[in-house]
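Going down the list, the sequences are from chains A and B. If you're matching positions, the first sequence starts at 1 in the working numbering and goes up one per residue. If you're matching positions, the second sequence starts at 1001 in the working numbering and goes up one per residue. This report refers to the structure that appears directly beneath it.
2 protein chains.
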Amino acid sequence: MNPNRPVYLKLRDQIAAAIIDGVYPEGAMLPSVRALAAEQGANPLTVAKAYQQFQNDGLVEVQRGVGMYVVRGAADRLRAAEREAFLRVEWPEIRSRMARLGLDPADLAPAS
Amino acid sequence: MNPNRPVYLKLRDQIAAAIIDGVYPEGAMLPSVRALAAEQGANPLTVAKAYQQFQNDGLVEVQRGVGMYVVRGAADRLRAAEREAFLRVEWPEIRSRMARLGLDPADLAPAS
DNA sequence: CGAGGTGCATCAGTGCCATAATACAGCCAT
DNA sequence: ATGGCTGTATTATGGCACTGATGCACCTCG
């Protein structure tokens, strides 16, 4: 969202979206830190920092020396957590902002 | 929104909302940097940095040594600008995120 | 003129972020 | 066992944004 958002958080969001969308299915191995770093033009440690988030939440399983794998149910758990957080903290603010600007979500629902 | 959002931007948003809502009517003087700083527990320079944004956009008129005043039409111009920016950059991202999370704006429209 | 209110400029301190260079630890195919 | 792939730890460095303290320039009012 914010263009000034730290790289490791942007990567984290991007990977989370990929997991939810099934780009990285359950049981699949995530790209190695070095591979993703090269592909994204980032530093391997920055990628590792992004991956760290998912380890803490138990969404990926680390096999040291092999790779990191998406655990079973990760997509559902991730979607549920993101949805809860979105509805709880972001949506109320968005709604109040839209109200202030004279906008109604229902009017914008069909097309952008 | 983001708790890590810089103070000067949070103040800026808060002031913009106040102008749109008519808390600071056109022609009225904004609180002095020192007064608002004391009230918000911030540094006067941080408040000045927030005010700076509105000066650049010509929404307030600075009378050095006197104070800063809301210009005529500032509320409308501000609302129009914020609405345009919201629809152009934020709303598309919000919609795609909600789609990924399986949410529909129309369902959340009536109550929060 | 002086006092007290304005905004503004300058300088310095602090912390986070990103990068880099190495080195280490574990696994696997050959 | 060896080479090559994984993730991880350590340390150092540069950059940048945010915040803060101080002092100055300007205006109004008595």
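Yeah, the Cβ is synthetic: ideal placement off N, Cα and C, and Gly gets one too.
- Val33 (chain A) is not a Cβ neighbour of Pro25 (chain A), given a cutoff of 8 Å.
- Residue range Pro44 to Asn56 is occupied by the alpha helix (DSSP H) that includes Tyr51 (chain A).
- Its Cα nearest to that of Leu1078 (chain B), the residue B:Ala1017 stands out among B:Ala1042, B:Arg1100, B:Ala1017 and B:Thr1046.
- In the structure shown, the three-state DSSP call for Val62 (chain A) is strand.
- Judged by beta-carbon spacing, Gly1067 (chain B) lies within the 8 Å limit of Leu1030 (chain B), meaning their Cβ atoms are closer than that value.
- For the C-beta of Leu101 (chain A), the chain B residues within less than 7 Å are, from N- to C-terminus, Arg1079, Glu1082, Arg1083 and Phe1086.
- For Asp57 (chain A), the closest Cβ of chain B is not nearer than 8 Å.
- The residue from A:Gly65, A:Leu59 and A:Arg83 with its alpha-carbon nearest to that of Gly73 (chain A) is A:Leu59.
- At a beta-carbon threshold of 8 Å, the residues of chain A lying near Ala1106 (chain B) are Pro105, Ala106 and Ala109, ordered along the chain.
- DSSP places Tyr8 (chain A) in the uninterrupted alpha helix (DSSP H) bounded by Val7 to Ile20.
- Asp1076 (chain B) is outside the set of residues whose beta carbon lies under 8 Å from a beta carbon in chain A.
- Between the region 1089–1106 of chain B and the region 84–104 of chain A there are three or more C-beta pairs closer than 8 Å, enough to call the two in contact.
- The Cβ atoms of Ala38 (chain A) and Tyr8 (chain A) lie no closer than 8 Å to each other.
- Close CB contacts of Glu1082 (chain B) within its chain, under the 8 Å cut and outside five residues either way in sequence, are with Ala1016 and Ile1020 (chain order).
- Within the region 3–32 of chain A, those residues whose Cβ lies closer than 8 Å to any Cβ of chain B are, in chain order, Ala17, Ile20 and Asp21.
- In the structure shown, Val70 (chain A) falls within a strand segment according to DSSP collapsed to helix, strand and coil.
- Using beta-carbon distances, Arg1064 (chain B) does not count as an interface residue toward chain A, since no partner is under 8 Å.
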